[in-house]
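Have a look at the structure below, then the notes.
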Amino acid sequence: MKEITLTIDDKQCKGKEGDTVLDVCRANEIYVPTLCHRDGISNTGACRMCLVEIEGIALPQTACSMLAAEGMKIKTNTERLRDMRKINLELILAERPHFCMFCPKSGDCELQNLAYEYGISHVRFPYTFNELPADTSHPYLIIDPHHCILCGRCIRTCQEVVGNCTLGFKERGWETTV
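This is how it looks when you write it as structure tokens:
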């Protein structure tokens with residue numbers, strides 16, 4: 481693959497043709513937060529945490545799904561991006577009952593870590609979650625919608641890695657579940 485050069489946060493970075501902006505950032509040890517990204521499965525940009533600013537493009541783009549190109553000039557940590565990421569996190573937290581102190585994953589949770597990183601001590605938006613029952617119908621899998629951020633990683637893993645295509649989203653809006 482052909483090598484490309486980008487400027488990320490005023491640093492010359494190398495990548496390969498076909499890499500995403502996130503791939504190039506990670507290869508050059510530039511931190512970009514993610515929630516819906518997982519190596520080995522397709523990217524959707526669902527969580528919007530990996531937003532970056534690209535010179536010449538008016539709106540921020542998702543680093544996980546934007547292909548890197550020769551000569552791109554990218555910013556990963558501007559005040560605008562930090563504000564957008566914080567709002568995204570707060571909206572995710574307001575959508576389901578993510579009460580970290582009662583969660584068994586507390587201390588080992590990507591969502592909790594990002595909430596700490598962005599200084600979220602409370603959510604300024606009204607909580608919108610409904611009481612949704614856990615799906616315990618399968619002998620090996622329990623799906624608890626209260627801990628789900630609807631990133632789709634489990635669905636993409638089921639389809640692309642396992643090849644089963646048994647998971648999917650159901651309902652719409654506030655009642656969406658896996």
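Taking the numbering used here, the leading residue of the sequence shown gets 481, the next gets one more, and so forth.
Positions of the beta carbon are idealized from the N, C-alpha and C atoms, including for glycine.
This structure is a prediction, so every number in the text was calculated from the model and none was measured.
- Annotated as distal: PHE605 and ARG576, with beta-carbon spacing of 8 Å or more.
- Taking a contact as a CB-CB distance under 8 Å, the pair MET546 and THR500 counts as one, their CB atoms being some 6 Å apart.
- Here ALA507 is not near GLY520, since their CB atoms are 8 Å or more apart.
- With a cut-off of 8 Å on Cβ pairs, the region 529 to 536 is in contact with the region 549 to 562, counting three or more such pairs.
- In this structure, ALA549 is the residue among ALA549, ARG528, GLU597 with its C-alpha nearest to the C-alpha of GLY498.
- The Cβ atoms of LEU647 and ILE635 lie closer than 8 Å to each other.
- Under DSSP, the beta-bridge partners assigned to ASP615 are ILE623.
- Restricting attention to ASP624, CYS589, ILE572, ASP503, the CA atom closest to the CA of THR657 is found in ASP624.
- Within the DSSP secondary-structure output, CYS493 pairs in a beta bridge with LEU486.
- At the C-beta level, CYS527 and CYS516 come within 8 Å of one another.
- For LYS585, there is no enclosing alpha helix (DSSP H), as DSSP gives it neither H nor E.
- Bounds of the alpha helix (DSSP H) holding LEU569 are 559 to 575.
- Looking at the backbone, the Cα of ARG633 and that of PRO619 are separated by about 21 Å.
- Between CYS645 and CYS638, the gap from beta carbon to beta carbon is short of 8 Å.
- Between LYS566 and TYR598 a beta carbon distance of about 5 Å is seen, short of the 8 Å cut, so the two are scored as contacting.
- Contact between MET529 and LEU594 holds: their C-beta atoms lie close to 7 Å from each other, under 8 Å.
- Using a 10 angstroms sphere on the CB of ALA543, the tally of other CB atoms reaches 16 or more, which defines it as buried.
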